[in-house]
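Here is the structure we will look at, set down as C-alpha cells.
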Ligand SMILES: [Zn+2]
C-alpha cells in the first residue's frame with residue numbers, strides 16, 4: 107500500500123506512462139518474441155547489468171507454464187508423495203532445530219536485549235507447513251475446468267486480476283504460501299517454512315533415527331530456512347559496506363542447491379504479478 111500512496115503523488119502524465127508499461131508487461135507473453143526479448147533486455151541488461159542472453163523460446167514457455175500452473179501442478183503431484191510418518195519425523199526434527207536456534211539466540215551476547223527477545227520470540231513462533239497446510243484460500247477459490255492450456259491460462263489470469271481489483275481499497279491479509287516446486291522456502295508473510303514432501307523423506311530424512319545424514323541434510327536445510335525468520339534476505343553488505351555475494355556463497359552448499367534448484371528461473375518469475383503474492387527466499 108505504501109507504494110500505491112507514493113504513486114498518487116506523481117504527475118498524471120507519468121502515471122499514464124507507467125500504466126502503459128504495466129499493461130505492455132502484463133501482455134508480453136501473449137505478444138511476439140520481440141516483446142519477450144525486450145523484457146529480458148530491460149530487466150536483466152539495463153536494470154541488473156547482466157550480459158546479453160537471447161531468449162530461448164522453449165525455455166521461456168516452460169518457465170511461463172510453470173509460473174502460471176505451478177500451484178495446481180504442485181498440489182496434484184506433491185500431495186501424492188506425503189506420508190504421516192515422514193511428516194512426523196520432519197516435525198520432530200524441526201522442533202529440535204527451532205529449540206536449538208532459540209537457545210543460541212538467547213545465548214548470543216552480541217545481540218542487544220530488545221533484539222534478542224524479539225528474535226527468540228519470532229523464531230519460536232515459526233511454523234512448519236506441508237502440502238496439507240497450504241490449502242490456500244486464493245487457490246481454492248479457483249477450480250480449473252477441463253480444457254485447453256490456453257483456457258487454463260485465461261481462467262487463471264481472470265481470477266488473479268479479479269482478486270487484485272477487488273483488493274483496491276480493501277487490502278486483504280498478507281500473501282499466502284501455496285504449493286510449489288521449491289524444496290524448502292521461508293515465507294516472511296506467514297512466518298512459516300514450506301517443506302516439500304520431496305525433501306521430507308529419505309535420503310534427506312531418515313525417519314527411524316536422527317543420524318548424521320539426517321542432521322547434515324534435512325537439519326541443515328531446516329536450519330538455513332529457519333534462520334530466514336530473523337534474516338529474511340541475508341546480510342547484503344559487510345562491515346565495510348561492500349556488497350556480499352550471499353547467494354554465491356549459498357549455492358556452493360549442497361543443501362542450498364537442494365533448496366533452490368531453479369534459482370535463475372525463480373528470479374525471473376519473482377518479478378511478475380503472480381509472484382507478488384508469494385514471499386520466497388533462496
Ligand atoms: Zn537462504
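Residue numbers (the working numbering): 107 to 388. Idealized CB from N, CA, C, for every residue including glycine.
Residue 291 is bridged by DSSP to 300. Not one heavy atom of ligand 1 falls within 7 Å of the beta-carbon of residue 158. In this structure residue 199 is in contact with residue 311, their Cβ atoms being roughly 7 Å apart against a cut-off of 8 Å.
If you draw a 10 Å sphere on the C-beta of residue 145, you find 16 or more other C-beta atoms in it, and that means buried. The beta carbon of residue 191 sits closer than 8 Å to the beta carbons of 313 from its chain, once the five residues preceding and following it are set aside; these are given in chain order. For residue 235, the enclosing beta strand (DSSP E) starts and ends at 233-235. Exposure of residue 124 is indicated by the presence of fewer than 16 other C-beta atoms within 10 angstroms of its C-beta. Each residue's CA atom was taken as its position, placing residue 182 and residue 277 some 30 Å apart. The alpha-carbon of residue 184 is positioned some 31 Å away from that of residue 227.
DSSP places residue 206 inside the alpha helix (DSSP H), whose first and last residues are 190-213. A distance criterion of 7 Å places the beta-carbon of residue 334 in contact range of ligand 1, judged by its closest non-hydrogen atom. Proximity of the beta carbon of residue 276 to ligand 1 is not indicated: no heavy atom of the ligand is located closer than 7 Å. For residue 149, the shortest separation between its Cβ and any heavy atom of ligand 1 does not lie below 7 Å.
CA-to-CA, the gap between residue 323 and residue 330 works out to about 11 Å. In its chain, beyond the 5 residues on either side, 192 have a beta carbon closer than 6 Å to the beta carbon of residue 307. Burial state of residue 204 is buried, judged by a 10 Å Cβ sphere holding 16 or more other Cβ atoms.
Out of 156, 139, 349, the CA that lies nearest to the CA of residue 164 is found in 139. The count of Cβ pairs closer than 8 Å, one atom from the region 280-296 and one from the region 213-222, stays below three, leaving the stretches out of contact.
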